[in-house]
Amino acid sequence: MSDPMPATVVVADEPSEADVVAVTALLGREPKGRFTVVVRHRHDGSPVVIRNHPLLDDGRPMPTRYWLLGEPERTMVSRIESRGGVHRVEDEIGLDVIATAHDAYAADRDADLPEGWAGPRPSAGVGGTRVGVKCLHAHYGWWLAGGPDPVGAWVAEHLAAGDGDAGPS
């Protein structure tokens with residue numbers, strides 16, 4: 015059985031040069047905006063979840079506030095997704111509960127916009143989703159960072175049950 019939070023610690027750190035290098039490698043590209051490391055692996059301090067600023071460097075909206083990029087978490091959540099996790103969580107939790115999570119996520123993101131911002135704003139909820147679930151990674155990342163996300167909690171329960179392990183489930 016897997017640990018739902020494999021040795022992670024919640025932080026709120028401005029990224030070091032080493033963090034930028036690590037995040038670039040994990041994303042496969044350079045980040046396009048400012049971010050904070052909000053969850054790290056306890057054993058080596060590597061980034062697990064980043065919190066993106068709601069605007070990219072060019073002023074365009076960035077709807078994905080919390081980004082799960084650490085391993086093995088990312089791969090484990092991908093396995094749950096590939097095994098029908100998105101539809102299962104929608105059926106088990108319900109769209110009304112998920113909509114409440116989207117509203118809380120949007121409020122968290124919007125609170126970080128510059129005061130008086132009149133330009134384009136990020137819209138929708140977790141990962142830019144308007145209805146239901148698009149990406150278990152975004153929900154789990156927000157939950158790991160301390161967000162009140164019932165989808166992230168569902169993912170954690172399923173990881174603890176071994177649903178994200180390699181092999182058939």
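Everything in the sequence shown is counted per this note's numbering, starting at 15 for the first residue and increasing by one. Positions of the beta carbon are idealized from the N, C-alpha and C atoms, including for glycine.
I need the straight-line Cα distance from VAL37 to VAL23, nearest angstrom please. Going by the C-alpha atoms only, they are around 17 Å apart.
Pull up the distance between the alpha-carbon of GLU85 and that of THR143, whole angstroms please. Taking the straight line joining both Cα atoms gives about 24 Å.
Can you tell which of GLU95, LEU69 and ALA39 has its C-alpha closest to the C-alpha of SER60? The shortest C-alpha separation from SER60 is found at ALA39.
In the DSSP assignment, find the alpha helix (DSSP H) that holds PRO164 and state where it starts and stops. That run of the alpha helix (DSSP H) goes 164–174.
Give the straight-line distance between the Cα atoms of GLY98 and GLY178, rounded to the nearest whole angstrom. Spanning the two alpha carbons is a distance of roughly 12 Å.
7 Å Cβ shell around ASP27 - same chain, five flanking residues per side excluded: Beyond the five residues adjoining it in sequence on each side, ASP27 comes within less than 7 Å, by CB distance, of THR50 and VAL51 in the same chain, given in chain order.
Could you pull the start and end residues of the beta strand (DSSP E) that VAL63 belongs to? Note, VAL63: beta strand (DSSP E), 61–66.
Please determine, among ILE112, TRP131, ALA132 and ASP124, the residue with the shortest C-alpha to C-alpha distance to ALA167. Here the closest residue by C-alpha is ILE112.
Pairwise C-alpha distance: ARG56 and THR89: Whole-angstrom Cα-Cα distance: 18 Å.
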